[in-house]
Every structure is written in C-alpha cells, then in structure tokens.
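Numbering (this note's numbering), first residue to last: 118 to 407. Idealized CB from N, CA, C, for every residue including glycine.
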Amino acid sequence: MNKLQTGLLIGALGISVSSGPDQNSGYLEEQRARLFDTLNTPEQVDPTDESTAKSKEEIADEVSIHTDSIAKFQNTPFAVKGRGKMIGSNLGNVLGYGQAEKIMRERNNYPSPMQFQAVQKYDDLETLSFPLIYPDLKEVFPNQWEAFLENEDFLKYKDENADHMLVVTKVEDGKHALAYYEDGVLKLATYVSIGLPYRKTVSGAFDLQHDMIFRRSRKYDNAPMPYALHITGGFFLHQGRSDGKPRSHGCIRVPGLYQKWLYEHLPRSKKADETGEVQSTRIILDKLYN
Numbered sequence: 118m119n120k121l122q123t124g125l126l127i128g129a130l131g132i133s134v135s136s137g138p139d140q141n142s143g144y145l146e147e148q149r150a151r152l153f154d155t156l157n158t159p160e161q162v163d164p165t166d167e168s169t170a171k172s173k174e175e176i177a178d179e180v181s182i183h184t185d186s187i188a189k190f191q192n193t194p195f196a197v198k199g200r201g202k203m204i205g206s207n208l209g210n211v212l213g214y215g216q217a218e219k220i221m222r223e224r225n226n227y228p229s230p231m232q233f234q235a236v237q238k239y240d241d242l243e244t245l246s247f248p249l250i251y252p253d254l255k256e257v258f259p260n261q262w263e264a265f266l267e268n269e270d271f272l273k274y275k276d277e278n279a280d281h282m283l284v285v286t287k288v289e290d291g292k293h294a295l296a297y298y299e300d301g302v303l304k305l306a307t308y309v310s311i312g313l314p315y316r317k318t319v320s321g322a323f324d325l326q327h328d329m330i331f332r333r334s335r336k337y338d339n340a341p342m343p344y345a346l347h348i349t350g351g352f353f354l355h356q357g358r359s360d361g362k363p364r365s366h367g368c369i370r371v372p373g374l375y376q377k378w379l380y381e382h383l384p385r386s387k388k389a390d391e392t393g394e395v396q397s398t399r400i401i402l403d404k405l406y407n
C-alpha cells in the first residue's frame, strides 16, 4: 500500500494526522504509528494455507505462458496479405484448430457465453497469450527427457541426449503431438498434423536445421511453409493448419505461434554458442502410424 492509500485509510478511520498541539496527541501519534506499521508490512502468506499458497504446478504454469504482440507481426509471414498470403489471420492458424478455444478462454479472457469459432480473426487484439505446454498434453509427456525415454517404444533412442530434443509421435487420444525438451526439461508441447497415410512422414532420428522463414514448396503449388525447420530430404517442420490429425504431404504442421517460438528459440544446429560449446538439435519421429 502506498502513502496516499495509507493516508486515505487513516482519514477514513478518523485518526487525526495533524501536527498541532492536542491533549491526546501522544496517544494519537502512537496509534498512527501502529497503523502505518500494520498497513505497510507485507502480508505473510502461509505456505500450508491452500487458499493463498500457489502450488509448484501453478507457478510452473504461469512461467510457461508466452505472449506475442500482434503489432510485432509486421514483416513476418503472419502479415503477408493478398495473393502472397502465407498464414491466414485467424485463431486456428496461430493457436491450432483443436487448441484455440481453450487457449482463448483460459488465457485471453474470451467471454464464456460467446460461441467460439477457430476461423475468427485476431486482427482486433493487441496481444495473444498461449501456454507453451498445451494443458491436455501435460500428462502425456513427462517433464524429464530421461523419463520419456523409459517408454519401451523409445528405448532404442536412449543414446539421443542432445541439448535440444524434439519428438513427434501418436499419443493416447489417437492424435499426433510434438514435445520439445531443452537440457532435459519439457519446454513446449502442442498437437500437430503429420503426413496423410498415402504421403507418410518419415520416421527415425535426425538433425533439425533452420531453413527459411518465408519458405514455399517447390513441389506442391508454391504452398507456404512458414518458419521452416529442415528434417531430411523434402520433409520439414513448419507452420500449417493442424489439429492433431494427418493432413499434410509428409511435412509436420505446427500451429503458428508455437512454430514461430521454436524457430526463434532453437539454436542454429551444430553451431557454437557464446561459450564455444556446440549446440545441436535433434528430432525423433516414431510411432506415427501404429
């Protein structure tokens, strides 16, 4: 509480703050001092009190929230309009068609009574906040990379321990999801869309290399592939319409803001950082169609 707020409260309680002589001035000064001390002492939170204490999970959840300014979309694939459009300016494209409603209601104060449609535009918003780890996937991917490798389907990758590890696989609900581990700790998880059954995504472990932000497909009618990360051959990780179901020609489609974050956050593979240490990024693609 600041001095102005404290003064207003003292006035409301009828305690004089006059410095003039008064027969009760000593008593009033003592009471005023006590009140100032009380109002300006930080509130002590009992960690055992469930009504005030935040759990480790709640604190971690707050830390994992990322906010993007819509104004900063200028000069990015999000801002390209007309015939050269790369990313449609609707909530489904940037947050994921199966994720957008929950993210908007829980993180962006979208009114509960209002009907939600993923094709709604975000142009009138100033910012968009989203959880780096989509809530429905918190129980799917363990927090530690070592724990993930205990899955019998992934034991063959036990020697994969790069500083930056990504994995794409089919999860329990039958959809496909991507998880990103930095230094062995889960940092991002989102539903993605892989290749259709007749255009299957490649399987295995690969180096993940930065490609172009404004890449387009040379093979499929100049189709946009924003924030492209190269896996191998003609396979890329890039922004695209995604809802957890197979939809692509073989690439992995990631919701726009998640892919942008990955592209900007991941180090340039096989290049040294400021300390001279070589930073590498690996991606595992497995159990995609089983």
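Between S246 and R224, the gap from beta carbon to beta carbon is short of 9 Å. Excluding residues up to 5 positions away in sequence, F190 lie with their Cβ nearer than 7 Å to the Cβ of A196 in the same chain.
Looking at the DSSP output, K238 sits in a beta bridge with N207. DSSP, reduced to helix, strand and coil, places K287 within a strand of the structure shown. Straight through space, the alpha carbons of S186 and I348 are spaced by roughly 29 Å. Each of G215, P194 and Q216 was checked against the Cα of S206, and the nearest Cα belongs to P194. Here DSSP, grouped into helix, strand and coil, assigns G351 to coil. Here the alpha carbons of K202 and D290 stand approximately 33 Å from one another. A distance below 8 Å between beta-carbons, with the five flanking residues on each side excluded, links Y274 to the following residues of its chain, in chain order: L266, A322, I401 and D403. By the CB criterion at 9 Å, Y337 and G215 fall outside the cutoff.
Taking a cut-off of 8 Å for Cβ pairs, the segment 242-256 and the segment 300-318 touch, as three or more such pairs fall below it. Bridge partners of V302 according to DSSP: Q261 and E299. Judged by DSSP secondary structure, A196 falls outside any beta strand (DSSP E); it is assigned neither H nor E. Looking at the backbone, the Cα of Q376 and that of R316 are separated by about 22 Å. Counting every other CB atom within 10 Å of its CB across the protein chains shown gives T318 a total of 16 or more, marking it as buried. By a beta-carbon distance limit of 8 Å, G357 contacts R370. Their separation comes to about 3 Å.
The C-alpha of N210 is placed about 20 Å away from the C-alpha of M231. Within the DSSP bridge table, the entry for I400 names L283 and F323 as partners.
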